[in-house]
Amino acid sequence: MTHRLAASPETCRWGYLDAAVPPVLTIRSGERVTIETVSGGPDALPPAGFHVPPELLAIHAAETGIPQGHILTGPVAIEGAQAGDVLEVRILDVRLRQDWGFNRHRPLAGTLPEDFPHFHQMNIPLDRERLTARMPWGLELPLSPFFGVMAVAPPPAWGRCTSIIPRAFGGNLDNKELVAGTTLFLPVFVEGALFSCGDGHGAQGDGEVNVTAIETALSGTFEFVLRRDLPLTAPRAETPSHVITMGLDPDLDRCAERALREMIDLVVARAGITRDEAYALCSIAADLRVTQTVNQHKGVHCMLRKEYLLR
C-alpha cells in the first residue's frame, strides 16, 4: 500500500521537531508513503509566471510571523516502533513539485560570515522535464533532488528541537548523497518513530557553504521498515554502491572522528575483520567528505564502496 501525505497547514510544522507532536498519518512497517513538501517564506516567492503551490501560501497565512528553520511535513508514525529500534527509510523516488527554487545568503551567516555583509537572493528557474536549473548569468546546472531534512522525533527529554541543527535523530543532514535509490537508517527514540521531512533541494554542493542550496518543493516516496537487528546511535546510509556513516558536531574535527569511528564499527561488523584492519582499510579506501559547514553542528560523512566489505 502507498499512502499520500499532502503538505498543508494541518500536516506541516515550521522550524522544529518535537516528540510531543501527534502523528498526522500512521502506517505499518513495509508500507510506502508519498510525502509532499514545500519550502520558503513569503520573501522567497518568485515573480509572476511561476507555479507557487497553493498550500505554501496557506501555510504562510497560518503563521503569525516567519519562524526560523524549515517547513516539515509529518510526522508519520510506524506501528510498533519503539525507542531502541532503527527506522530504515528507503528513498524510492524524489520529484520536483514546482518550476523554481531560490538561493540566498545573509550577513554573519554561512561559512564566510563576515565576507558578505549584505543580503543576496536569487530566484532560479527549474526545468522539471530536463532536470536542469538556469542560473541568472545563463549557466545551466543539472539537478539531483534530495531532502535536506529527514528525521525521526528527538528524545522526549530534549523537548522542542530546532530543525536547523542535525543530531542523532537526523534532521538537517544536508547530505547530497541521499537521492532516490538510497536508504537512510535512523535510530528511534520514541514510540512510532515519528518521521518528518522537508527542506527540498534541487542541487547542492558538499558544504552548502552559503547556508542554502537550490531550495524548492519536492515530493518523495518512501518505504519504511522497522529494524531490531541494527543497533545505531547516529544516522547511517547506503547507496547502491557505498555505505555511508555520518559525524555531527560543532567542531569539524570531531565530525570526522565520529564518522570514521562509525565506519570502523560498520566494517568490523560487516566484513568480520579486526579494528586495526578496518582502520587500515578506511585509510586506504574510504573517503571523508564535508557534508555541510553551516548548520551550527557541522557534518562529515565517510563513504566506502560496498564491494570492499567482502572477504
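Residue numbers for the sequence shown follow this note's numbering, so the first one is 35 and each next one is one higher. For each residue, glycine too, the CB sits at the ideal point set by N, CA and C. For clarity, every value in this text was computed on a predicted model and none was experimentally measured.
Could you check the C-alpha separation between residue i and residue j for me, to the nearest Å?
{"i": "residue 84", "j": "residue 267", "result": "42 Å"}
{"i": "residue 78", "j": "residue 97", "result": "15 Å"}
{"i": "residue 93", "j": "residue 264", "result": "38 Å"}
{"i": "residue 122", "j": "residue 340", "result": "18 Å"}
{"i": "residue 169", "j": "residue 136", "result": "10 Å"}
{"i": "residue 161", "j": "residue 131", "result": "11 Å"}
{"i": "residue 230", "j": "residue 328", "result": "21 Å"}
{"i": "residue 224", "j": "residue 58", "result": "15 Å"}
{"i": "residue 88", "j": "residue 120", "result": "35 Å"}
{"i": "residue 67", "j": "residue 325", "result": "27 Å"}
{"i": "residue 293", "j": "residue 80", "result": "38 Å"}
{"i": "residue 143", "j": "residue 284", "result": "15 Å"}
{"i": "residue 338", "j": "residue 320", "result": "5 Å"}
{"i": "residue 312", "j": "residue 171", "result": "47 Å"}
{"i": "residue 99", "j": "residue 41", "result": "19 Å"}
{"i": "residue 155", "j": "residue 248", "result": "11 Å"}
{"i": "residue 35", "j": "residue 75", "result": "33 Å"}
{"i": "residue 197", "j": "residue 45", "result": "16 Å"}
{"i": "residue 202", "j": "residue 173", "result": "37 Å"}
{"i": "residue 128", "j": "residue 165", "result": "12 Å"}
{"i": "residue 111", "j": "residue 62", "result": "8 Å"}
{"i": "residue 310", "j": "residue 38", "result": "47 Å"}
{"i": "residue 318", "j": "residue 242", "result": "27 Å"}
{"i": "residue 82", "j": "residue 54", "result": "39 Å"}
{"i": "residue 118", "j": "residue 95", "result": "38 Å"}
{"i": "residue 159", "j": "residue 287", "result": "37 Å"}
Considering only C-alpha positions, which residue in the set the options is nearest to residue i?
{"i": "residue 272", "options": "65, 62, 300", "result": "300"}
{"i": "residue 222", "options": "64, 232, 321, 262", "result": "262"}
{"i": "residue 163", "options": "155, 176, 170", "result": "176"}
{"i": "residue 56", "options": "80, 109, 100", "result": "109"}
{"i": "residue 194", "options": "50, 44, 284", "result": "50"}
{"i": "residue 304", "options": "314, 317, 342, 326", "result": "342"}
{"i": "residue 307", "options": "286, 344, 318", "result": "344"}
{"i": "residue 102", "options": "63, 287, 48, 116", "result": "48"}
{"i": "residue 192", "options": "215, 52, 39", "result": "52"}
{"i": "residue 91", "options": "124, 118, 43", "result": "43"}
{"i": "residue 275", "options": "216, 257, 323", "result": "216"}
{"i": "residue 105", "options": "258, 288, 206, 244", "result": "206"}
{"i": "residue 133", "options": "86, 151, 139, 145", "result": "86"}
{"i": "residue 323", "options": "258, 214, 291, 185", "result": "291"}
{"i": "residue 227", "options": "38, 188, 125", "result": "188"}
{"i": "residue 141", "options": "269, 245, 270", "result": "245"}
{"i": "residue 259", "options": "218, 159, 315", "result": "218"}
Which class does residue i belong to by DSSP, given the choice of helix, strand or coil?
{"i": "residue 301", "result": "helix"}
{"i": "residue 332", "result": "strand"}
{"i": "residue 152", "result": "coil"}
{"i": "residue 318", "result": "helix"}
{"i": "residue 287", "result": "helix"}
{"i": "residue 260", "result": "strand"}
{"i": "residue 164", "result": "coil"}
{"i": "residue 173", "result": "coil"}
{"i": "residue 191", "result": "helix"}
{"i": "residue 345", "result": "coil"}
{"i": "residue 53", "result": "coil"}
{"i": "residue 185", "result": "strand"}
{"i": "residue 207", "result": "coil"}
Please tell me whether, using a cut-off of 7 Å, the distance from the CB of residue i to the nearest non-hydrogen atom of the ligand MG is below it.
{"i": "residue 336", "result": "Although the ligand MG was asked about, the structure shown includes no ligands whatsoever."}
Contact the region 204 to 211 vs the region 169 to 185: 3+ CB pairs below 8 Å: As far as the Cβ criterion goes, the region 204 to 211 touches the region 169 to 185, which means the pair count is three or higher.
Runs of beta strand (DSSP E) wholly within the region 60 to 90 (minimum 3 residues, chain order): 66 to 70
Segment contact flag, the region 235 to 242 with the region 293 to 309, C-beta cutoff 8 Å, min 3 pairs: no
Given 8 Å, three or more beta-carbon pairs between the region 276 to 286 and the region 330 to 345: With the cut-off at 8 Å, the region 276 to 286 and the region 330 to 345 touch.
contact_flag[the region 250 to 261, the region 62 to 77] where n(CB pairs < 8 Å) is 3 or more: yes
Within the region 81 to 146, ranges of the beta strand (DSSP E) (whole runs, at least 3 residues): 105 to 112, 120 to 130, 134 to 139
3 or more residues per run - each beta strand (DSSP E) lying fully within the region 213 to 282: 217 to 221, 229 to 235, 252 to 261, 270 to 272
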